[in-house]
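Okay, structure first, notes after.
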Amino acid sequence: MKKRLLAVAMSGVMAMSLAACGGSNEAAATTAAPAATEAPAGDATEAAETKAAETEAPVAEAVDLDVAVFYYTYSDTYISSVRTALDAALTDAGIKFQNYDSNSNQTTQNEQIDTAISQGANLLIVNIVTSGSVDASQAIVDKASTAGIPVIFFNRAVESDEDEGKVLGSYDKCAFVGTDAPEAGHMQGKMIGEYVLENYDAIDLNGDGTISYAMFMGQLGNVEAIYRTQYGVEDADAALTAAGKPALEYFDASNTDKYQVDQEGNWSATAANNYMNTNLAQYNEDNGNMIEIVICNNDGMAEGVITALNDKGYNLGTEDSVTIPVFGVDATDAAKQLIADGKMTGTIKQDAEGMANGIAYLAKNVGAGKDLMADTGDFNISENVSNKIYIPYATYTGE
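Using this note's numbering, the first residue of the sequence shown is number 929, and each one after it goes up by one.
Written out as structure tokens, the structure reads:
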């Protein structure tokens, strides 16, 4: 079983852990053994031997951190929220850091890492561009290993399920802070299934008894995108069919993939907006084949979809406008506002602050001269890979 930690409580737990670590030397000084004159000779000898052993025990050496943080792209809304939170967490910890925008280019990121190492970086924090690629992630681990410095990957998977532990197990100064990829898809699918069942007749605009959906996938090959695309529909279908309703039907029968993907791999609002505008030109209420719900792998794409719907008079947040349910993942501030305004139905919270705090916690371990994964027992650790920390997801509908 995985060790679970509520996201809302994680920051407090880490603070207490750090406080305990910070006070350890002082506590040891105040609990020294009694003077030899107050104890029998045998006890005094044992105490002296114990004291000598303590004196000779290795003491962790603090490190002046020079951290290099690499983001796959600054343009991703969720990643921007992580960057803001991590900047604050590292600054509060007094840690020197430099951010890099890899602009969705793995070659650029590799060159940035080489530059950072040559300039004295002694900790790498990497949001890898090519998610799920063993070759790409192993190349970065090898760079860190050669330099003898730790590397913390975050958010984007460094290896597929089939290769789980291959990269993260290849270097003892390596860790991952992210999410359990299938969890968001399962949560989103459950949320969609429940919502559709509760509002079936209102959603079924053409009254044909079947709900037509569109799916916007963020990036081909991305582990998170794959699971969200799969389970967002599968779990919704399971809820519908269990209640005697037909499974969801993809709006375009000619598209056997049953999704539309951001070809640039940026999970962007622009890509989703362009697709949705094109879709609505052919699939609409006038033609009797309107897309009746929209599932997006992230909130950025959901924003793009809603803009396209707004242009056609849908999802205006008014009593007299028809709302097409739109679902996303991340719970960005923009998405929360869209939900509050009645323009978006729901999302799955990916905790940017929790992720940033988890990364900063590991960075502090390095700065204190500890093992990278020291004192992480209260985190949600993968049951298969001991240096993989999961930040829990949560459903968000504005309630």
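Virtual Cβ for every residue (Gly too), placed ideally from N, Cα, C.
Query                                                                                                                  : Result
Test item: CB-CB of N1315 and L1096 under 8 Å                                                                          : yes
Cβ-based burial, N1183 [other Cβ within 10 Å; buried from 16]                                                          : exposed
C-alpha distance - E954 paired with I1053, whole-angstrom precision                                                    : With a pLDDT of 32 at E954, under the threshold of 50, the predicted position of this residue should be treated as unreliable, and no value is reported.
Where G1093 sits in the DSSP three-state scheme                                                                        : coil
Closest Cα partner of I1239 within the set V1151, A1112, A1109 and N1201                                               : Here residue 1239 turns out to be Asp, not Ile, going by the sequence shown. Among V1151, A1112, A1109 and N1201, the Cα nearest to that of D1239 is on N1201.
Buried or exposed by the 16-neighbour rule on C-beta atoms within 10 Å, applied to D1055                               : It is worth fixing the name first, because residue 1055 is Asn in this sequence and not Asp. Buried, since its Cβ has 16 or more Cβ neighbours within 10 Å.
Sequence-distant residues of its chain with Cβ nearer than 6 Å to T1005 (five each side left out)                      : G1228 and T1260
Close-in-space but distant-in-sequence residues of the same chain around T1198 (CB under 8 Å, 5 per side omitted)      : G1232
Residues sharing a beta bridge with I1223, DSSP                                                                        : M1143 and F1255
Alpha carbon of I1139 to alpha carbon of I1131, nearest angstrom                                                       : 7 Å
First through last residue of the beta strand (DSSP E) which encompasses A1103                                         : C1102 to G1106
Through-space distance from Y1128 to I1287, alpha-carbon basis                                                         : 42 Å
Spatially closest choice to Y1331 from Y1211, A1170, L1148 and G1149, by CA coordinates                                : With the chain covering 929 to 1327 only, the question about residue 1331 has no answer from this structure.
Cβ-based neighbour list, N1225, same chain, cut-off 7 Å, excluding 5 preceding and 5 following                         : F1144, M1145, G1146, A1153, R1156, T1157, W1195 and V1257
Three-state secondary structure assigned by DSSP to K1316                                                              : strand
Whether V1010 touches A1085 by CB criterion (8 Å)                                                                      : no
Buried or exposed (CB count within 10 angstroms, at least 16 for buried), T1375                                        : Residue 1375 falls outside the range modelled here, since the chain spans only 929 to 1327, and no answer is possible.
Neighbourhood of Y1141 by C-beta distance below 8 Å, restricted to the same chain and skipping five residues each side : V1161, L1176, E1177, Y1178, F1179, I1219, E1220, I1221, V1222 and I1223
Among I1317, E1039 and P1110, nearest to D1089 - alpha-carbon criterion                                                : P1110
Bridge partners - F1081, DSSP secondary structure assignment                                                           : V1054 and F1104
DSSP-derived helix/strand/coil call for D992                                                                           : coil
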